[in-house]
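As structure tokens, the structure follows; a few thoughts come after it.
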Amino acid sequence: TKPASQDDMYNYLMQFDYLPKSNLESGNLLSDEKLTEAIESLQAFGNIPVTGKIDAATARLIQKPRCGVGDHRSANSFSPDNLYHDGGYGVRVRR
Amino acid sequence: YVLQGPKWSRTDLTWSVVNRTMPDAEKVRKMVARALSVWENNSKLTFREVYSDQADIQIVFARLQHGDGYKFDGPGQVLAHAFYPGEGRGGDAHFDADETWDFDGVADDSRGTNFLNVALHELGHSLGLGHSSDTNAIMFPWYQNNEVDGKLPDDDRHGIQELYGSKEKTWGPYRPRPTTTTTTTTTMRTLSYYPDKPVYRPNKERERARDRQEQERRRQEQERQEQEDRRREREWERERERQRQDRDQKERERQERERQEWERQERVRIEWERANRERYTSQKPVTRPTTTTRRPTSRPNQNGWHQQTHHHKKPRKPKPDTCMTSYDAISMIRGELFIFRGPFLWRIGASGLYPGYPTETRRHWSALPENLTKVDAVYENKRRQIVFFIGREYYVFNSVNLAPGYPKPLTDLGLPSTLSHIDASFVWGHNNNTFFTSGTLYWRFNDSTGQVEPSYPRDMSIWSGVGYNIDTAFQYVDGKTYFFKNLGYWEFSDDHMKVAHPRPKLSSRKWMQCARSANEVDDEQR
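Going down the list, the protein sequences come from chains A and B.
Everything in the first sequence is counted per our numbering, starting at 7 for the first residue and increasing by one.
Everything in the second sequence is counted per our numbering, starting at 85 for the first residue and increasing by one.
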């Protein structure tokens with residue numbers, strides 16, 4: 007597994023809605039804790055140890071084939087019509 | 085499980101494979117039907133295949149950029165994506181044509197990615213399910229060639245039944261199929277879903293007769309299907325006609341209301357002027373104004389446009405109502421604000437709206453088409469040239485003179501040949517990049533290459549809160565970016581990458597300095 011660069015990680019987190027996609031455009035710098043939070047959220051979703059770091063398990067996870075739809079509801083991605091949206095994360099329905 | 089966004093308002097849905105001529109089209113259809121039967125057997129949903137681009141769920145194979153702003157990435161990683169329920173592209177499922185697909189629904193990943201499994205997942209999105217973190221769930225984001233074994237994992241079943249209810253009728257007692265030899269590795273098991281399919285050893289003759297029967301049945305089914313489609317098509321056509329008449333009726337009523345409102349305001353204004361004149365004459369000696377120019381009275385005709393009545397000139401094109409119009413384009417040009425609507429423009433300088441506007445756009449830029457009906461978008465580029473987008477072409481002006489070689493087609497900018505028009509063009513104050521938008525997509529323009537960036541288009545949802553199919557956008561002298569749609573606008577908050585106020589504000593007040601009408605409540609007061 008090739009090591010995941012910070013950029014790969016960053017783009018992956020934005021592509022699958024762990025970070026707001028808008029950062030693709032604004033390039034707004036993110037605080038370290040925001041980045042760590044996003045990595046922890048990805049690790050929890052992917053059922054791998056939650057370390058907040060780009061470790062080997064995480065590098066493997068982001069290379070696995072997957073669905074292109076984001077993992078959180080954010081900014082209406084993949085919604086057919088883009089209604090007004092606060093850009094926050096959708097409410098997850100509890101099991 | 086996650087219920088994501090809207091669900092379908094009915095349970096009888098149609099689906100259609102778009103790439104019907106692709107080599108494995110038959111297998112794709114069969115697999116999609118099997119995947120849908122899993123969702124169907126665990127909910128009230130029913131699915132019917134049609135041959136129409138009006139189907140609720142369109143199955144598409146595409147590669148890399150395929151026009152929806154979510155490009156595929158070649159073999160590996162992203163396998164497919166789908167849109168949540170809704171009009172237009174809602175419900176559609178796109179599969180990456182660059183993947184090595186195994187269309188036989190078997191467990192052997194060495195032959196490729198199990199299409200049946202991925203289709204089952206993507207159709208979950210098409211029905212309104214988001215991703216689940218339950219590794220056994222079909223809606224788990226990462227591909228795992230897991231088996232459904234006739235029964236949908238609980239997580240998915242609970243989700244789909246929460247959305248569309250469970251089947252009323254109880255299925256016969258579940259008779260597990262004779263187990264297939266499972267391979268040694270952990271998750272390599274097949275998705276097998278035909279609990280009641282009998283196993284028998286047919287002889288050749290009987291099999292041929294059965295095939296003939298099967299073909300005859302399918303031909304009849306297809307014929308019935310096509311009749312059904314024609315009937316539905318006629319139904320849709322009637323429905324669309326009714327909606328069109330409805331819309332026209334509503335438009336006439338709206339314009340009538342506007343006309344009455346305008347006349348009321350006109351009476352109030354005349355009354356106010358008369359009262360002022362009386363007050364004025366009672367206080368000071370009357371000084372006759374040196375020149376009396378007849379102000380042309382303009383009153384909206386029946387379709388809301390203002391007909392300038394000049395007693396001595398032939399009537400010109402009807403002009404839009406300055407205080408009641410949407411904007412086709414808007415831009416700062418040489419430090420002044422230009423707003424375009426139809427073939428007209430307004431010019432707003434430091435002291436407000438110039439008198440005598442709106443005027444015809446071609447009075448400033450005469451090289452624009454004689455039969456100009458509207459300008460789609462305008463912006464002043466970094467070389468201070470003025471760029472007009474009209475239909476599939478763009479014009480570059482050095483001040484008021486058309487630069488040599490223009491107009492050029494949009495494709496010269498690297499935009500797709502399928503693009504019919506640009507909605508907005510603007511330089512974003514946040515990073516001074518130039519953007520073009522159209523429909524649900526936007527591109528970033530590279531001034532040095534003169535082309536849009538190759539990693540575009542992207543989906544407009546990134547400009548959170550603005551929505552799709554905007555009318556126009558621009559960067560104002562305050563450095564902020566404003567997006568416009570219909571009679572309203574949003575200020576955009578660059579830091580938060582979303583609109584600064586979810587509800588659009590009335591454009592005429594801020595940009596045309598129109599007085600607030602009596603029944604209009606200020607946003608602050610609101």
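The beta carbon of each residue, even a glycine, is placed where N, CA and C say it ideally should be.
ASP182/B: which of TYR560/B, ARG113/B and LYS155/B sits nearest, CA to CA? Comparing Cα positions, the closest option is LYS155/B.
Could you give the distance in angstroms between the alpha-carbon of ASP193/B and the alpha-carbon of ILE60/A? Rounded to whole angstroms, the separation of the alpha carbons of ILE60/A and ASP193/B is 28 Å.
Pick from ALA413/B, GLY426/B and GLY249/B: whose alpha carbon is nearest that of PRO404/B? It is GLY426/B whose Cα lies nearest to the Cα of PRO404/B.
Using only alpha-carbon positions, find the residue among GLU537/B, ALA557/B and TRP527/B that is nearest to ASP543/B. Of the residues GLU537/B, ALA557/B and TRP527/B, the one whose Cα lies closest to the Cα of ASP543/B is TRP527/B.
Chain C beta carbons: is any one of them nearer than 8 Å to that of SER545/B? Included in the structure are the protein chains A and B, with no chain C among them.
On the criterion of 16 or more Cβ atoms from any shown chain inside 10 Å, does GLU110/B qualify as buried, or is it exposed? Label assigned to GLU110/B: exposed.
Does the count of Cβ pairs from the segment 546-557 of chain B and the segment 155-164 of chain B closer than 8 Å reach three? Output reads no: the segment 155-164 of chain B does not touch the segment 546-557 of chain B.
Buried or exposed: where does MET223/B fall if 16 or more other Cβ atoms within 10 Å of its Cβ makes it buried? Looking at its Cβ environment, which holds 16 or more other Cβ atoms inside 10 Å, MET223/B is buried.
Ordered along the chain, which non-local residues of its own chain (more than five positions away) have a Cβ less than 7 Å from that of VAL484/B? Take VAL484/B, set aside five residues on each side of it, and the residues of its chain with a beta-carbon closer than 7 Å to its own are HIS448 and TRP449, in chain order.
Mind checking if ASP14/A is an interface residue toward chain B, Cβ cutoff 8 Å exclusive? False, the Cβ-Cβ gap to chain B never drops below 8 Å.
Tell me whether the segment 412-428 of chain B and the segment 553-572 of chain B touch, counting them as touching only if at least three CB pairs, one residue from each stretch, are closer than 8 Å. The segment 412-428 of chain B makes contact with the segment 553-572 of chain B: 3 or more CB pairs, one atom from each, lie closer than 8 Å.
Within 10 angstroms of its Cβ, does TYR573/B collect 16 or more other Cβ (buried), or is it exposed? The residue in question, TYR573/B, is buried, as its Cβ has 16 or more Cβ neighbours within 10 Å.
With 7 Å as the C-beta to C-beta threshold (strictly closer), list the residues of the segment 163-179 of chain B near chain A in chain order. Answer set for the segment 163-179 of chain B: LEU163, ALA164, HIS165, ALA166, PHE167, TYR168, GLY170, GLU171, GLY172, ARG173 and GLY174.
Buried or exposed by the 16-neighbour rule on C-beta atoms within 10 Å, applied to GLU319/B: Exposed.
Using a Cβ-Cβ distance cut-off of 8 Å, determine whether LEU160/B contacts chain A. Checking the displayed sequence, the identity of residue 160/B turns out to be Gly instead of Leu. Chain A contact via Cβ: present.
Considering just the uninterrupted stretch of the beta strand (DSSP E) at GLN142/B, what are its terminal residues? For GLN142/B, the enclosing beta strand (DSSP E) begins and ends at 141-146.
Can you tell me where the alpha helix (DSSP H) with TRP595/B in it begins and where it stops? 591-595 is the span of the alpha helix (DSSP H), which, as asked, contains TRP595/B.
Beta-carbon neighbours of PRO55/A, restricted to chain B and to distances below 9 Å: Simply none; closest approach about 14 Å.
With DSSP as the reference, label SER539/B as helix, strand or coil. DSSP places SER539/B in coil when its eight states are reduced to three.
Suppose you measure from the CA of ILE503/B to the CA of ASP531/B; what does that come to, to the nearest Å? A small fix is needed here, since residue 503/B is Leu in this sequence, not Ile. Their Cα atoms are separated by approximately 20 Å.
Pull up the DSSP beta-bridge partners for PRO159/B, would you. Answer is none; PRO159/B lacks a bridge partner.
Give a yes or no on whether the minimum CB-CB distance between ASP460/B and chain A is below 8 Å. With 8 Å as the cut-off, ASP460/B does not count as an interface residue toward chain A.
Between the C-alpha atoms of HIS205/B and GLU312/B, what's the straight-line distance to the nearest angstrom? One Cα belongs to HIS205/B, the other to GLU312/B, and the distance between them is close to 29 Å.
Interface partners of ASP578/B on chain A, CB under 7 Å: In chain order: SER32.
Cβ of SER83/A within 8 Å of any chain B Cβ: Nearest CB-CB separation between SER83/A and chain B: below the 8 Å threshold.
When the Cα atoms are used, what is the spatial distance from PRO586/B to GLU575/B? GLU575/B has its alpha-carbon roughly 9 Å from the corresponding atom of PRO586/B.
Under 9 Å between beta-carbons, which chain B residues line up against ALA50/A? List them in chain order, please. Listed by position along chain B, the residues whose Cβ is nearer than 9 Å to that of ALA50/A are SER217.
Taking 8 Å as the cut-off, does the segment 119-133 of chain B touch the segment 513-520 of chain B (at least 3 CB pairs, one atom from each stretch)? Contact fails: fewer than three Cβ-Cβ distances are below 8 Å.
Can you tell me whether ARG72/A is buried or exposed? The criterion is at least 16 other CB atoms within 10 Å of its CB, across all chains shown. Burial call: buried.
ARG425/B bridges to which residues according to DSSP? DSSP lists PHE428/B as the bridge partner or partners of ARG425/B.
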